[in-house]
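Rendered as structure tokens:
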């Protein structure tokens, strides 16, 4: 087997191909089974685990000279989709020319994660913080998106920019 331990790991919903090397297997038949069910009859096995857990699979190789079998374990693990959030209020009203600093936090991933800030769907930065300053009255949606090999997650804040004389005061 290409795993010395006989244990393979794959993320939920992803495919793993198990391709052992064989000796004295000319004209052999192959049978990959799990729980009495035949999963495949080729020299390699393509396996996709839809549910998290451990799966025990047996490969049996049979020739005219006899047969041999080996049990392997496939551990299906959860995806590490990043979870990102922007600290603070999700709806802000500010005056034209006011700077607002936004901080983002990414949780629940050990994978390399990239960030992208957008203002009204236009890319404006790739750091964990972003300073917004509008010179025109209007509505702005600030979004930060975290992406890694397992997925993407976004969080947004709506900012209403008004002239100073139009700012509501209590």
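In the working numbering, the protein residues as written are -2 to 167.
Using N, Cα and C, we set each Cβ at its ideal position, and we do this for glycine too.
Own chain partners of residue i with C-beta closer than 8 Å, once the 5 adjacent residues on each side are dropped
i, result
"residue 93", "131, 132, 133, 134, 158, 159, 160 and 161"
Separation of residue j from residue i, as counted between CA atoms
i, j, result
"residue 37", "residue 75", "25 Å"
"residue 89", "residue 119", "19 Å"
"residue 82", "residue 127", "13 Å"
"residue 0", "residue 34", "23 Å"
"residue 15", "residue 9", "16 Å"
"residue 148", "residue 66", "37 Å"
"residue 39", "residue 107", "35 Å"
"residue 84", "residue 69", "46 Å"
"residue 55", "residue 150", "38 Å"
Option in the options with minimal Cα separation from residue i
i, options, result
"residue 12", "152, 41 and 21", "41"
"residue 19", "7, 58, 53 and 0", "58"
"residue 64", "25, 124, 17 and 129", "25"
"residue 87", "124, 123, 99 and 66", "99"
"residue 97", "29, 105 and 116", "116"
Burial state of residue i (16 or more Cβ within 10 Å)
i, result
"residue 4", "exposed"
"residue 174", "Coverage of the chain is limited to positions -2 through 167, which leaves residue 174 absent and any answer about it impossible."
Other residues of its chain near residue i: CB distance less than 6 Å, five sequence neighbours each side excluded
i, result
"residue 102", "82"
"residue 30", "55"
Close Cβ partners of residue i (< 7 Å) along its chain, the five nearest in sequence each way excluded
i, result
"residue 104", "80"
*Sufficient close CB pairs (3 or more, under 8 Å) joining the region 73 to 90 to the region 46 to 53*: Result yes; three or more Cβ-Cβ pairs closer than 8 Å.
*Taking three-plus beta-carbon pairs below 8 Å as touching, is the region 92 to 111 in contact with the region 139 to 157?*
Short answer: they touch.
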